[in-house]
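Residue numbers (the UniProt record's numbering): 1 to 345. Using N, Cα and C, we set each Cβ at its ideal position, and we do this for glycine too. Treat the numbers as computed from the prediction; the structure is a model and nothing was measured. What follows is a short report on a single structure.
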Amino acid sequence: MPSTKESSPGIKVLMLHGYTQNGNLFHAKTRAIEKHLQKAFPGISLSYPTGPLRLRPSDVPGFDLSSTEDPDSIEAYGWWRRSDTSDPPEYVGLEEGLETVAKVLESEGPFDGVIGFSQGACLAAMVASLLEGESRKEAFKKARARSPLAIPYPSSFEKLSHPPLKFCAAYCGFRAPGERYRGFYEDPHIQTPVCHVIGSLDSVVEESRTQALVEATGGAEKTQVVTHPGGHFVPSGKQYLDMIAGFIKHNMSSQGKAGGTEEGVLAVDLLNPTPQAEARKHKLKTLVPAPRSFFMDVKCPGCFTITTVFSHAQTVVICAGCSTVLCQPTGGKARLTEGCSFRRK
Numbered sequence: 001m002p003s004t005k006e007s008s009p010g011i012k013v014l015m016l017h018g019y020t021q022n023g024n025l026f027h028a029k030t031r032a033i034e035k036h037l038q039k040a041f042p043g044i045s046l047s048y049p050t051g052p053l054r055l056r057p058s059d060v061p062g063f064d065l066s067s068t069e070d071p072d073s074i075e076a077y078g079w080w081r082r083s084d085t086s087d088p089p090e091y092v093g094l095e096e097g098l099e100t101v102a103k104v105l106e107s108e109g110p111f112d113g114v115i116g117f118s119q120g121a122c123l124a125a126m127v128a129s130l131l132e133g134e135s136r137k138e139a140f141k142k143a144r145a146r147s148p149l150a151i152p153y154p155s156s157f158e159k160l161s162h163p164p165l166k167f168c169a170a171y172c173g174f175r176a177p178g179e180r181y182r183g184f185y186e187d188p189h190i191q192t193p194v195c196h197v198i199g200s201l202d203s204v205v206e207e208s209r210t211q212a213l214v215e216a217t218g219g220a221e222k223t224q225v226v227t228h229p230g231g232h233f234v235p236s237g238k239q240y241l242d243m244i245a246g247f248i249k250h251n252m253s254s255q256g257k258a259g260g261t262e263e264g265v266l267a268v269d270l271l272n273p274t275p276q277a278e279a280r281k282h283k284l285k286t287l288v289p290a291p292r293s294f295f296m297d298v299k300c301p302g303c304f305t306i307t308t309v310f311s312h313a314q315t316v317v318i319c320a321g322c323s324t325v326l327c328q329p330t331g332g333k334a335r336l337t338e339g340c341s342f343r344r345k
């Protein structure tokens, strides 16, 4: 498995890829995060394991089964397969996925935090939950008492000696469905600080599934939600890199291990900036109503970047080019910042 380790001690982060990816591919797709964090936290180490389940062509959405490409050449992996023949759906192979992560935690740990994308984000939240100690083991017992479907506390984590994680970042994450996986999320909720990064145009993960994961994390003091005006991917704009660095710095500083440089780290929530940051970055202007019920291409008045916005978007949408606020939710509608121009799609 690829790892970007440094000789000097520093923060250790576990990086968990999405469904149909692998460690090397996820490493390539997150190089912007890697470089930004290496600058912010000298000596940081990122490990990219690959899921244990090699996927068949039929498992890969959009794969052309009539293709002449050798199926064995497809380097697509997952942490589990979703079976919809069960009600609620079952994650087949989850035990293997958790065992793979447990071995990495044991051999390369201790880790300070975890970052995951899509299926890897769901897994990241599970791992953070499992490492919370005896309270989580009790949560699994309570879940099994409530439902015979509930799984027991995973055996691969029973004897694992690893401290609780200090942070978890979930890009396009979701909660595992139904009674079967209740122990990960309830009695108590996940206590590890979690940053949820959500694409407002994500067409792969339903908003309700992402919201269910947000609601399963430990309250406003430990939960940060950031929405970007894009789809199912890890955003690499500077404001989002600053955001994740700030989130890590905030949660590491209380442990005395942040070790970061002040330069390049914006330790604020992009959706709840300080007055100084608000004045500096956004220069709030008078808001005007947006038209209703359609998608539109909105041109930023500052840098002229085009961003697709839904007319009833319920989140703040920020320009990826210069961080100007393009619209804010008001009365159930998106209200464009004065100066923005738009065109129906």
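query: Does the pairing of the segment 45-53 with the segment 131-146 give three or more beta-carbon distances under 8 angstroms?
result: Cβ pair count under 8 angstroms is below three, so no.
- request: Might you give, ordered along the chain, the residues of its own chain that have their beta carbon closer than 8 angstroms to the beta carbon of Leu130, omitting 5 neighbours on each side?
  value: Listed in chain order, the non-local C-beta contacts of Leu130 below 8 angstroms within the same chain comprise Leu98, Arg136, Tyr153, Pro154, Phe157 and Phe184, local neighbours out to five positions each way being set aside.
- request: Could you tell me which residues DSSP pairs with Thr30 in its beta bridges?
  value: Partner(s): none; Thr30 has no beta bridge.
task: Would you check if there are 3 or more beta carbon pairs closer than 8 angstroms linking the segment 208-228 to the segment 166-175?
output: yes
query: Among Arg343, Leu326 and Arg344, which has the Cα closest to the Cα of Thr337?
result: Leu326
- prompt: With distances taken from CA atoms, which of Phe295, Val317, Pro164 and Tyr240 is nearest Met252?
  reply: Pro164
query: Per DSSP, what kind of secondary structure is Lys299 in: helix, strand or coil?
result: strand
- prompt: Rounded to whole angstroms, how far is the Cβ of His196 from the Cβ of Val214, which I believe are closer than 8 angstroms?
  reply: 5 angstroms
task: Can you give me the start and stop residues for the beta strand (DSSP E) that Ser45 sits inside?
output: DSSP places Ser45 in the uninterrupted beta strand (DSSP E) bounded by Ser45 to Ser47.
message: Starting from Tyr19, trace the beta strand (DSSP E) in both directions and tell me its first and last residue.
response: Segment: none, Tyr19 is in no beta strand (DSSP E) and carries neither H nor E.
query: Since Ile115 sits in a beta bridge, which residues does DSSP pair it with?
result: Met15 and Ala169
message: With a threshold of 6 angstroms on Cβ separation, who are the neighbours of Leu14 within its own chain once the five nearest residues in sequence on each side are excluded?
response: Ser47, Phe111 and Val114
field: Simplified DSSP state of Phe41, which is helix, strand or coil
entry: Coil.
query: For the beta strand (DSSP E) that Ser333 lies in, which residues bound it at each end?
result: The sequence shown places Lys at residue 333, rather than the Ser named in the question. Per DSSP, Lys333 belongs to the beta strand (DSSP E) from Lys333 to Thr337.
task: Starting from the C-beta of Val101, find all residues in its chain whose C-beta is less than 6 angstroms away, skip the five residues before and the five after it, and write them out in chain order.
output: Val127
- prompt: Exposed or buried, Ser341, counting other C-beta atoms within 10 Å across all chains shown (16 or more means buried)?
  reply: exposed
query: Buried or exposed: Pro49, going by 16 or more other Cβ atoms within 10 Å of its Cβ?
result: buried
Integer Cβ distance of His228 from Ser200, believed to fall under 8 angstroms: Between the beta-carbon of His228 and that of Ser200 there is about 7 angstroms, and that keeps the pair under the 8 angstroms contact cut.
Where Thr307 falls, given that 16 or more other Cβ within 10 Å makes a residue buried: When all chains shown are included, Thr307 counts as buried.
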